[in-house]
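All residue numbers for the sequence shown refer to UniProt numbering, where the first residue is 1 and numbers rise by one. C-beta: ideal position from N, C-alpha, C; glycine also.
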Amino acid sequence: MEARNGGHERWSYIEQAIGCDSHSIASSSIGTISTSYASSGSHMSPVPVESAMFEEDVLLEESESKTKRLQLLVQEFSAGAPPSTVDRSVRGGDMSVVERWLTELGVGWVLLHAADAAASSGKPEHTFDARWRSWVRALAEIVESIRSTALLFADPRRGSVTGLAMIREEEEAGHVKDQSEERAAIPPPQFLPRGLTNKLLQSVVNKLLRSNSSESLHLTSSVEEEEESSIVPDQLHFARFFQETMLGMLAFVDVLASEVAVRSGVAMSPYEKLSALLGVRFALSKALPQVRFPSNSPRSAQVDRVQGDMVSLLSTEEGKVGEAAWSTMEEIWTGIQERLEEEDGTRQITQRSSGVHKVTLSVVTYIRFLRANSWTVAPIVSSAACHGKFVPRFRDVPPLTSLIIEMASCIEEKLADSSEWLPDQSLRFLFLLNNAHFIRQQLLCTLYFPAICKASITRRVEGYMESYLKVSWESVVSCLLDHKPQCFGGRSSLLSNFESEFQKTYTCQKLWKVPDPKLRKKLRKAIAAKIISGYTKYTEDNRVTTQRVSPQEIKEMLQELFEG
Numbered sequence: 001m002e003a004r005n006g007g008h009e010r011w012s013y014i015e016q017a018i019g020c021d022s023h024s025i026a027s028s029s030i031g032t033i034s035t036s037y038a039s040s041g042s043h044m045s046p047v048p049v050e051s052a053m054f055e056e057d058v059l060l061e062e063s064e065s066k067t068k069r070l071q072l073l074v075q076e077f078s079a080g081a082p083p084s085t086v087d088r089s090v091r092g093g094d095m096s097v098v099e100r101w102l103t104e105l106g107v108g109w110v111l112l113h114a115a116d117a118a119a120s121s122g123k124p125e126h127t128f129d130a131r132w133r134s135w136v137r138a139l140a141e142i143v144e145s146i147r148s149t150a151l152l153f154a155d156p157r158r159g160s161v162t163g164l165a166m167i168r169e170e171e172e173a174g175h176v177k178d179q180s181e182e183r184a185a186i187p188p189p190q191f192l193p194r195g196l197t198n199k200l201l202q203s204v205v206n207k208l209l210r211s212n213s214s215e216s217l218h219l220t221s222s223v224e225e226e227e228e229s230s231i232v233p234d235q236l237h238f239a240r241f242f243q244e245t246m247l248g249m250l251a252f253v254d255v256l257a258s259e260v261a262v263r264s265g266v267a268m269s270p271y272e273k274l275s276a277l278l279g280v281r282f283a284l285s286k287a288l289p290q291v292r293f294p295s296n297s298p299r300s301a302q303v304d305r306v307q308g309d310m311v312s313l314l315s316t317e318e319g320k321v322g323e324a325a326w327s328t329m330e331e332i333w334t335g336i337q338e339r340l341e342e343e344d345g346t347r348q349i350t351q352r353s354s355g356v357h358k359v360t361l362s363v364v365t366y367i368r369f370l371r372a373n374s375w376t377v378a379p380i381v382s383s384a385a386c387h388g389k390f391v392p393r394f395r396d397v398p399p400l401t402s403l404i405i406e407m408a409s410c411i412e413e414k415l416a417d418s419s420e421w422l423p424d425q426s427l428r429f430l431f432l433l434n435n436a437h438f439i440r441q442q443l444l445c446t447l448y449f450p451a452i453c454k455a456s457i458t459r460r461v462e463g464y465m466e467s468y469l470k471v472s473w474e475s476v477v478s479c480l481l482d483h484k485p486q487c488f489g490g491r492s493s494l495l496s497n498f499e500s501e502f503q504k505t506y507t508c509q510k511l512w513k514v515p516d517p518k519l520r521k522k523l524r525k526a527i528a529a530k531i532i533s534g535y536t537k538y539t540e541d542n543r544v545t546t547q548r549v550s551p552q553e554i555k556e557m558l559q560e561l562f563e564g
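Following this line, the structure appears as structure tokens:
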């Protein structure tokens, strides 16, 4: 059971970074073992337990295999040229081994030159989207390998997991009697590979103990012991190997953060680029605290220096990707505003219908993107606010929420200005109503939406509706009032004027569009209430016995409005 949970925890941040639905994974059967009893008896079903034991064995074998493979790679790498003691840029080691491991991880392309990478970008497995996702998975595997070195290096005198002699002595002396003492022999959680739980780790230890005991029977001299130990790379060798691997991996980050380089060879939208930047930055932020060589054994200053260099480099690259992500976000927002300004300059909006403007659709698409990726976008917006690149207008909400509200408000204001060129005021207010309502629906789904802003945008939507009803349909009802100059000519003509004005307005607006079904229904109901109530009151007050059109017929006609 623990092994399964551990495996799920290990990949959780990869799934988030590359867009997997972690909620569906978490809610599935993965990571759970049923403890319920069969209805026909009181014995626990053995099937889940056997399945868990089998998967634990598989994880154990996989962990052992990866550890052995890693040891061989580091051994080969260390057999290369030694690092320079004078020039730190000459780090030494066989780089072909690093290239081979990166290829095994599925990211050998990170070491290719830009021209070669562009030439291979046409292959499905080499598309930009596939590359950054495979890069995230490879980074997680490298971090996992770094953490797994806790099983290889320890001070036996401190009785840690890899201090095999100490554990063996305690077992023989019967010192490990309860779970608390057993847990004391486990290194701190931050040094354990995410794929290994305490139970699985103990299995690894026991197997290694048995293996060592068996091998010791075949060693006949101290010379043979020294020869065998000499082939095991030390911690510095591992550190340098991981350092070179990270340097190779981070070359992709430089390309990703460079706008010109990223766009060369592959045409992609700003959203594609932003998705990649967010995924890579999130992976780097999760990897940073885990890039630590185990400190449960004495290590040299050289190892500490290598670790410090790696952490510093990762931190720098994380900041670089974050800045590139913010720049891309600004690019998207600027592009949206420019499209509206271009239309405003050519007065194209006057030729449009009452429906939702395409710029409004662009803003809502952007808001949806930001909201869907809030767990990766929020830190970037907060960082921009801290560094003065973004000054939130709403201080009582997170910076990301303020950014979303400000974008929506900005577009609403620009649409209001642009709509002044519309020749028909009824069309103008219906246009503003559709767009404001559409934006409102998106903002109300935003987390931490401030009540004052919610009330403000609701009032604005209601105001547009009232303005539309006033300029469109009050003039129709006014034809039934004899004090209106345009309606002079006797009471008999008032009804004729009303019917004529109603038919003209109805015909003009019948094909206007209100996309949202709920808003369309609400508008029809409001119009019917205004028209039918005025018409009914007039016919009753004036005892009109013959009606050319009944209130029911008017209601049915109004139900045909706004289908577009």
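Residue i burial status per 10 Å Cβ neighbour count (16 or more: buried)
i: Y271; result: exposed
i: W375; result: exposed
i: R391; result: Here residue 391 turns out to be Val, not Arg, going by the sequence shown. The residue is exposed, with fewer than 16 neighbouring Cβ atoms inside 10 Å.
i: K273; result: buried
i: G335; result: exposed
i: R543; result: exposed
i: A301; result: exposed
i: R147; result: buried
i: Q509; result: buried
i: R243; result: A quick correction: the sequence has Gln, not Arg, at residue 243. Answer is buried; the Cβ neighbour count reaches 16.
i: R548; result: exposed
i: P289; result: exposed
i: S96; result: exposed
i: S472; result: buried
i: S65; result: exposed
i: A384; result: buried
i: L444; result: exposed
Beta-carbon contacts of residue i that lie in its chain and below 7 Å, excluding the five residues immediately before and after
i: C479; result: C487, L494, N497, F498 and E501
i: V359; result: I336, R339, L340 and I411
i: I532; result: P551, I554 and K555
i: E76; result: D94 and V97
i: Q179; result: With a pLDDT of only 38 at Q179, under 50, the local geometry of the prediction cannot be trusted, and the value read off the model is given with reservation. There are no such residues.
i: Y538; result: L480
For residue j and residue i, the rounded distance between their alpha carbons
i: I439; j: D424; result: 23 Å
i: L519; j: D541; result: 33 Å
i: K555; j: A528; result: 6 Å
i: F562; j: P517; result: 10 Å
i: S475; j: E342; result: 35 Å
i: F282; j: L427; result: 46 Å
i: L340; j: R395; result: 28 Å
i: Y468; j: R524; result: 12 Å
i: H387; j: V143; result: 30 Å
i: T103; j: R368; result: 36 Å
i: T149; j: W333; result: 45 Å
i: L558; j: Y535; result: 14 Å
i: W326; j: I380; result: 7 Å
i: V255; j: R69; result: 30 Å
i: Y464; j: V397; result: 27 Å
i: S78; j: S63; result: 22 Å
i: G564; j: R371; result: 30 Å
i: K414; j: L430; result: 16 Å
i: V291; j: L433; result: 53 Å
i: V107; j: G355; result: 47 Å
i: T546; j: Q442; result: 49 Å
Per DSSP, cross-strand counterpart(s) of residue i
i: E341; result: Paired residues: none, contrary to the question.
i: K513; result: E563
Cβ shell of residue i (< 8 Å), same chain only, five flanking positions each side left out
i: L284; result: L139, V253, L314, E317, E318 and V321
i: V110; result: L102, W135, G248, M249, A251 and F252
i: T245; result: V98, W101, L102 and I142
i: E560; result: K510
i: N373; result: S275 and L278
i: T458; result: R440
Contact set for residue i: own chain, Cβ-Cβ below 6 Å, skip 5 residues either direction
i: S353; result: K513
i: T505; result: V476
i: C453; result: I405
i: S145; result: L70
Does the count of Cβ pairs from the region 390-404 and the region 302-313 closer than 8 Å reach three? No: the two stretches stay apart, fewer than three of their Cβ pairs being nearer than 8 Å.
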